[in-house]
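Single-structure report; data block below.
Number of protein chains: 2
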Amino acid sequence: MFSPLIEDLIRALRCLPGVGPKSAQRMAMYLLEKDRDAAGLLASTLQQAVEKVGRCNRCRTLTEQDVCSLCSSTRRDHSLLCVVETPADVLAIEQAGNYHGLYFVLHGHLSPIDGVGPADLGLDVLGERFGNDEIAELIIATNPTVEGEATAQFIAERARAKGVSVSRIAHGVPIGGELEYIDGGTLAHAFNSRTVL
Amino acid sequence: MFSPLIEDLIRALRCLPGVGPKSAQRMAMYLLEKDRDAAGLLASTLQQAVEKVGRCNRCRTLTEQDVCSLCSSTRRDHSLLCVVETPADVLAIEQAGNYHGLYFVLHGHLSPIDGVGPADLGLDVLGERFGNDEIAELIIATNPTVEGEATAQFIAERARAKGVSVSRIAHGVPIGGELEYIDGGTLAHAFNSRTVL
């Protein structure tokens, strides 16, 4: 119906998460009809990001710098290291605002079925940092899924073997949540992990 | 929180319709983490589209060709011309599938307040086609808004003056719609435009 190049654009826009055929068509029409400047800027920014954004040499988060701004900051507590699965997790924790240590991003979790082993998650790089006495506490914040838990256990064992103290963030009923609407697995975990008042 | 280039990408993605800060962040993370090839393709396709897509010389729809595939098709009825406001309207009518004539895309409607006059809508180009006897019927399918109706009246007068017969698509209760949920304006119009059974 549209010309080939517009069809290509609609197809390319569908690579975006949450964008189906109708949204992609609406986006393509909007960009070409109403806002070519923004479309050009998006194209060049995206091209640059694809070419230049890599991983921080220390924490593996996404950045175009060699060492990200968090790792190179002198205001952060370099003796605390929090292990997360994705760069978006870093953002979520930073937005909560009460953690001031560093991060280590796995970019996934251990998953032998998909061929994801310790080296793919940078655990060799992480292991080297356990040895040289810089980390006082390792806080593991992988997702509370089967794979996330397995990854947490794996990392915890290695860290403990090197004498690093390891903790796991708490899981239970979310603050402000109502028990009535919480799933059974979370409730069971909350009971098992109850603390003395 | 993110590095400058990633922040730029998130900001650039917000130019897309329906994409707010959270969606833009999710899209940026997805593209950089999971699908760099698709991101690169999107960047280059978008760049090309911005550079090459212009308007068809005959119907003004968006295309990278001089004359679009509909206007140059020998299978279409070149004596019927349907006037619509946007290229997306062309697609909607094509998907309905029972119109086989040509189109003319206004890219908007008459709006003196916004400084949109007849020349901006290509009505001079359209007027030339009335003169040379090629159009048997002009079907006006602008939106049933105040501006769309004014535009329809304006075009209809000019076409009639050149001896072209003019029609307007029907407006009323949508097929499959329930009277209970139809707004008063549409119902009033449906009563005024009733046809003899």
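Chains as they are written, first to last, in my numbering: chain C, 1 to 197; chain G, 1001 to 1197.
Here a beta-carbon is modelled for each residue, glycine too, at the ideal position from N, C-alpha and C.
Cβ of residue i within 9 angstroms of any chain C Cβ
i                       : result
residue 1052 of chain G : yes
residue 1077 of chain G : no
residue 1008 of chain G : yes
residue 1090 of chain G : yes
residue 1141 of chain G : no
residue 1048 of chain G : yes
residue 1045 of chain G : yes
residue 1042 of chain G : yes
residue 1107 of chain G : yes
residue 1197 of chain G : no
residue 1018 of chain G : yes
residue 1069 of chain G : yes
residue 1096 of chain G : no
Simplified DSSP state of residue i, which is helix, strand or coil
i                       : result
residue 103 of chain C  : strand
residue 180 of chain C  : helix
residue 134 of chain C  : coil
residue 62 of chain C   : strand
residue 1080 of chain G : strand
residue 1073 of chain G : coil
residue 44 of chain C   : helix
residue 129 of chain C  : helix
residue 14 of chain C   : coil
residue 139 of chain C  : strand
residue 194 of chain C  : coil
residue 1185 of chain G : helix
residue 146 of chain C  : helix
residue 90 of chain C   : helix
residue 1053 of chain G : coil
residue 1023 of chain G : helix
Counted within 10 angstroms of its Cβ, other Cβ atoms place residue i as buried (16 or more) or exposed
i                       : result
residue 54 of chain C   : exposed
residue 1003 of chain G : buried
residue 104 of chain C  : buried
residue 85 of chain C   : buried
residue 113 of chain C  : exposed
residue 67 of chain C   : exposed
residue 1124 of chain G : exposed
residue 1089 of chain G : buried
residue 29 of chain C   : buried
residue 78 of chain C   : exposed
residue 83 of chain C   : buried
residue 17 of chain C   : exposed
residue 195 of chain C  : exposed
residue 148 of chain C  : buried
residue 100 of chain C  : exposed
Residue-chain proximity (residue i, chain G), Cβ-Cβ < 9 angstroms
i                      : result
residue 2 of chain C   : yes
residue 21 of chain C  : no
residue 186 of chain C : no
residue 157 of chain C : no
residue 64 of chain C  : yes
residue 86 of chain C  : yes
residue 15 of chain C  : yes
residue 111 of chain C : no
residue 5 of chain C   : yes
residue 149 of chain C : no
residue 38 of chain C  : yes
When you compare the region 3-10 of chain C with the region 1009-1026 of chain G, are there three or more beta-carbon pairs, one atom per stretch, that lie closer than 8 angstroms? With the rule of 3 Cβ pairs closer than 8 angstroms, the region 3-10 of chain C does not count as touching the region 1009-1026 of chain G.
Can you find at least 3 beta carbon pairs, one from the region 122-130 of chain C and one from the region 165-184 of chain C, that sit closer than 8 angstroms? Pairwise C-beta distances place the region 122-130 of chain C out of contact with the region 165-184 of chain C, as fewer than three of them are shorter than 8 angstroms.
Positions along the region 23-35 of chain C whose CB lies within less than 9 angstroms of some CB in chain G: If the cut-off is 9 angstroms between Cβ atoms, the region 23-35 of chain C has 23, 25, 26, 27, 28, 29, 30, 31, 32, 33, 34 and 35 near chain G.
Are the region 115-126 of chain C and the region 169-183 of chain C in contact at 8 angstroms, needing three or more beta carbon pairs? Contact fails: fewer than three Cβ-Cβ distances are below 8 angstroms.
Do three or more CB pairs link the region 41-57 of chain C to the region 1032-1043 of chain G at distances below 8 angstroms? Judged by Cβ distances under 8 angstroms, the region 41-57 of chain C makes contact with the region 1032-1043 of chain G, as three or more pairs qualify.
Any residues in the region 1117-1138 of chain G with a beta carbon nearer than 9 angstroms to a beta carbon of chain C? Which ones, in chain order? Closer than 9 angstroms at the C-beta level to chain C, one finds no residue of the region 1117-1138 of chain G.
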